[in-house]
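Listed in order, the protein sequences are those of chains X and R. All the letters of the first sequence, read from the start, carry residue numbers 1316 to 1896 under this note's numbering. All the letters of the second sequence, read from the start, carry residue numbers 112 to 285 under this note's numbering.
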Amino acid sequence: MNNAKLEELALKERRRQAKFRRRIFCCTSTACLSAGAGLTRQTLDQAVAACQCDEDEVEVVPTGCIGLCSRGPLVRVEQKQQGPVLYGNVSAEVAQQIVARYVPVRASVDEVENDGDSAQLSAHDILHFRSSLRAAGKKKELDKHLIPLDLPFFAKQVRVVLTETGQINPDKLEDYLAHDGYQALAHVLENMTPEEVCDEIQRSGLRGRGGAGFPTGLKWHFVRQEEHSRKFVIVNGDEGDPGAYMDRTVMEDDPHRVLEGMIICAYAVGANYGYFYIRGEYPIAIRRIRRAIRDARRRRILGQSVLGTDFGFDADIRIGAGAFVCGEETALIHSVEGKRGVPRIRPPYPSKSGLWGLPTVINNVETMANIPAIITRGADWYAAIGTEKSKGTKVFALAGQLRNTGLIEVPMGITLNEIVHEIGGGVPGEGEFKAAQTGGPSGGCIPSTYLDAPVDYESLSKLGSIMGSGGLVIIDDSTLMPEFARFFMDFCVDESCGKCVPCRVGTVQIRKLLDKIISGRGKPQDLEALDKLCWLVKKTSLCGLGQSAPNPVLSTLRYFKHEYEGLIQDIAPVEAGNGQV
Amino acid sequence: MNANQHLSGDERYTAIDRTMEQFRFEKDALLEVLNTAQEAFGYLSEDLLIYVSQKLKVPLSRVYGVSTFYHMFTFSPLGEHNCIICTGTACHVKGSDRIVQALEEAFGINAGETTTDGLFSLTTARCLGSCGLAPVIVIDGQVRGKETPESVTKHVKGVISLSREEQLVELEAT
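Here is the structure:
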């Protein structure tokens, strides 16, 4: 298949979609599925089938994350010449009300032919459905489920990575093509040299979205300059931070975008094979990426001749088995090789000696998903979004004590205040905002006094936290900070791979000190010891896990020291403590 | 008997064999093979580790080392009903530890254990990624969000007493 054929397919799909008077999008991402979207979709399908309206009247599209996960299952209705309408908390009953409002019913009853996804219905079923639709239509409750689309939650966002999530059927290559999918790849293969691609990405200012923020273009240049006939690309989908699910959403809801970014990367660095490394805990993401690879192979977007050119590339999936440390690139490489996922000392960096000792690019899912947009719209356009040193947008999984939780994409440099109070709608109930936790177990807590700080790599690290992969958990005053720090330390103790001593032993000792302080047995000097130990672990651990494991403790010590001190002063000092540290 | 079948006649070995063949018995595919084994059997028994080691020609020590490194592999069978409590950050902030505690007290087991009658296992997960619905639990594959300690305990007790009745009926029948 070449580019002309690709465009032909895209055009055909665009025409097919344009003929429908209405399209009903049902979110089927993990969060909404957990809230019962499976039944919602089934009901929509069956109810629409039972209406037996004209073929070009309506289409039900299973789609990806619409964003406002706390109000799931979400259903969006798009009508010709009218703006889209969004409904939240759509149970099966509400789904019937939606169908009753938007879909006309044909008078006669025929046996329904089984077309595609919709279930086979007998005449009896149809009549049954129609009567429940009539009953549902009489209820006037549907408007209560309406979610205005001009909410700050939506209006404040800038979508680059998530452009198509919630707009397309992730299992359908044609749908991605109809939204200009694989046009960036075609452009790159036709008009750009590998060096130009690396330059373009470097000029855009894109930095790794896995957390560390290394300039992506520079990394690609390193691998491109390696003279080796075999090189690899790995997409890091081992999203281990608790409270973060950006990468999963992108893989589940727009798998072809990640794949396209990966193929462009492979062309730029001269790799002919690549792996998706995906957490085993993400079965839907695995399934959808697997399908994307299969469909792309069938259309010759993957294979010996990508889009009819002499560039060949193929990709496969490796499934992680639940080890947080495998997000670290050298540990990840060991895991792909079927070994224990322990990190090793760098250098040599994977760009010199990676998978099986060969030059390897490892990029995070979100980084890859940025690539097609940068190529299509240009490095200058991308560099205009964000701050001086942090360009573009960042996807965050907004969770915790907030009115609106879900998945958001915001320009770099937005303030925490805007995210918490405008997008998130503030803390619900009686509680008061206490801190924003970014970066999961590797990050820190940012108190309310710094809410005006811009969200970018530099200012977050100045505040003692990190950008991280994008988990953003808001806590209110019901959470005690030393206890919260211990929660993360528990995590790091469990996840430490055991290779280097500072991390293996240090994290356990930090947790013991926290235990002692929280149980009221702590002495004033324990706080000093805690601080010292944290810095020791931070400075001397082998990999990023150990180097960042003390961050939650250090940042809470910095901003909420009074809580630690309060725990110590409350108890009579002399006999307290068993001396074990 | 099929020539390719495992000598025990256990069909589940066929799935493992298929994965090994798919990767042309490459040693690098150890994780994939173990994943398949875990899926097929529900846990990795000692026999299973030996089988994989012999078939892939990988030292048993390495098979053991790799399988114990990753959290997703388990080495004892789960109970008939399994409840996974998400203990990710968002769920933690919304009180998932109280749910774990309530279930531990109600069934007299710790997280990660199975009741002696084999009816119920309690496990925890790092993050199920449904943070918008925190706290989240999974009972027998069914995800439930915005739960409380009381609602979960009640639901689990309901599920288990149903099974217990079935067990009794079966016993009487035999």
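Even glycine gets a Cβ: it sits at the ideal position worked out from N, Cα and C.
**Report entry** In DSSP terms, what residue 141/R is bridged to
**Finding:** Note: residue 141/R sits in no beta bridge, so no partner.
Query - the ligand COA heavy atom lying under 7 Å from the CB of residue 147/R - result: In the structure on display, the ligand COA does not appear, and there are no ligands present to speak of.
Query - is_contact[residue 142/R, chain X] using C-beta, thresh 8 Å - result: yes
Query - For residue 1848/X and residue 1869/X, believed in contact at Cβ under 8 Å, the rounded distance - result: Not confirmed; about 10 Å, so no contact.
Query raised in the report: Between residue 1714/X and chain R, is there a C-beta pair that is closer than 8 Å?
Result: yes
Query raised in the report: Any C-beta of chain X sitting closer than 8 Å to the C-beta of residue 200/R?
Result: yes
Report task. Give a yes or no on whether the C-beta atoms belonging to residue 119/R and residue 192/R are separated by under 8 Å. Result -> With contacts defined as CB atoms closer than 8 Å, residue 119/R and residue 192/R fail to qualify as a contacting pair.
Query raised in the report: residue 135/R CB to nearest chain X CB: under 8 Å?
Result: no
Requested in this report: Select from the stretch 1650-1664 of chain X all residues with a C-beta closer than 9 Å to any C-beta belonging to chain R, and list them in chain order.
Outcome: Hits within the stretch, in order: 1650, 1651, 1652, 1653, 1654, 1655, 1656, 1657.
Report task. Go ahead and label residue 179/R buried or exposed: buried means 16 or more other beta carbons lie within 10 angstroms of its beta carbon, across all protein chains shown. Result -> Within a 10 Å sphere around the beta-carbon of residue 179/R sit fewer than 16 other beta-carbons, which makes this residue exposed.
Query raised in the report: Could you give the distance in angstroms between the alpha-carbon of residue 1429/X and the alpha-carbon of residue 132/R?
Result: Its pLDDT being 48, under 50, residue 1429/X is placed unreliably by the model, and nothing is read from it.
Report task. Find the residues of chain X that neighbour residue 275/R, judging by a C-beta separation of less than 9 Å, and give them in chain order. Result -> Within 9 Å Cβ-Cβ: nothing; residue 275/R doesn't reach chain X, min ~28 Å.
Report task. Using the DSSP secondary-structure output, state which residues sit across from residue 1676/X in a beta bridge. Result -> BP columns for residue 1676/X point to 1548/X.
**Report entry** Span separating the alpha-carbon of residue 1519/X from that of residue 1688/X
**Finding:** 11 Å
Requested in this report: Report the residue from 1388/X, 1621/X, 1865/X whose alpha carbon sits nearest the alpha carbon of residue 1586/X.
Outcome: 1621/X
Query - Rounded straight-line distance, which links the Cα of residue 184/R to that of residue 1639/X - result: 14 Å
Query raised in the report: Below 8 Å, can you find three or more Cβ-Cβ pairs linking the stretch 1338-1347 of chain X to the stretch 1381-1391 of chain X?
Result: yes
**Report entry** residue 1749/X in three-state terms, based on DSSP
**Finding:** strand
Query raised in the report: If we call anything under 8 Å between Cβ atoms a contact, is residue 1580/X one with residue 1683/X?
Result: yes
Query raised in the report: Is the Cβ of residue 1409/X closer than 8 Å to any Cβ of chain R?
Result: Chain R contact via Cβ: absent.
**Report entry** Proximity test, Cβ basis, 8 Å: residue 180/R and chain X
**Finding:** yes
Query raised in the report: If you measure from the beta carbon of residue 193/R to each beta carbon in chain X, is any gap under 8 Å?
Result: Chain X, which has no Cβ nearer than 8 Å to the Cβ of residue 193/R, makes this no.
**Report entry** Residues near residue 1513/X by beta carbon distance below 6 Å, same chain, minus five either side
**Finding:** 1532, 1535, 1536, 1539, 1583
Query raised in the report: Any idea which residues DSSP pairs residue 1814/X with across the strands?
Result: DSSP lists no partner for residue 1814/X.
Report task. Quick one: residues in its chain with C-beta nearer than 7 Å to the C-beta of residue 1882/X, no 5 flanking neighbours on either side, listed in chain order? Result -> If the five residues before and after residue 1882/X are omitted, its C-beta is found closer than 7 Å to the C-beta atoms of 1797, 1832, 1833, 1835, 1837, all from its own chain and listed in chain order.
Report task. Establish whether the CB of residue 203/R and some CB of chain X are separated by less than 8 Å. Result -> Yes, because at least one Cβ of chain X sits closer than 8 Å to the Cβ of residue 203/R.
Query - Nonlocal neighbours in the same chain, by C-beta distance under 8 Å from residue 1894/X, ignoring five residues either side - result: A caution first: residue 1894/X carries a pLDDT of 41, below 50, which makes its placement in the model too unreliable to give a value.
Query raised in the report: Could you give the distance in angstroms between the alpha-carbon of residue 142/R and the alpha-carbon of residue 218/R?
Result: Using only the alpha carbons, I get a separation of about 34 Å.
**Report entry** Test: residue 1430/X CB closer than 8 Å to a CB of chain R
**Finding:** Low confidence applies to residue 1430/X: its pLDDT is 49, below 50, so where it sits in the model is not reliable, and the reading given next is rough at best. Cβ-Cβ to chain R under 8 Å: no for residue 1430/X.
Query raised in the report: Distance, Cα to Cα, residue 1780/X vs residue 1752/X?
Result: 8 Å
Query raised in the report: Mind checking residue 176/R: buried by the 16 CB within 10 Å criterion, or exposed?
Result: exposed
Query raised in the report: Which whole-angstrom value is the C-beta distance of residue 1746/X and residue 1719/X, which I expect to be below 8 Å?
Result: Your pair residue 1746/X and residue 1719/X does not check out as a contact, with CB atoms roughly 15 Å apart and the cut at 8 Å.
Report task. Could you spell out where the beta strand (DSSP E) holding residue 1447/X opens and where it closes? Result -> From DSSP, residue 1447/X is part of no beta strand (DSSP E) but of the alpha helix (DSSP H) over 1438-1453.
Query raised in the report: Terminal residues of the continuous alpha helix (DSSP H) containing residue 1354/X?
Result: 1352-1366
Requested in this report: Indicate whether the contact test is met: 3 or more Cβ pairs, each with one atom in the stretch 233-241 of chain R and one in the stretch 1695-1711 of chain X, closer than 8 Å.
Outcome: By the criterion of at least three beta-carbon pairs nearer than 8 Å, the stretch 233-241 of chain R is not in contact with the stretch 1695-1711 of chain X.
Report task. Could you tell me the distance, in whole angstroms, from the CA atom of residue 283/R to the CA atom of residue 1861/X? Result -> 57 Å
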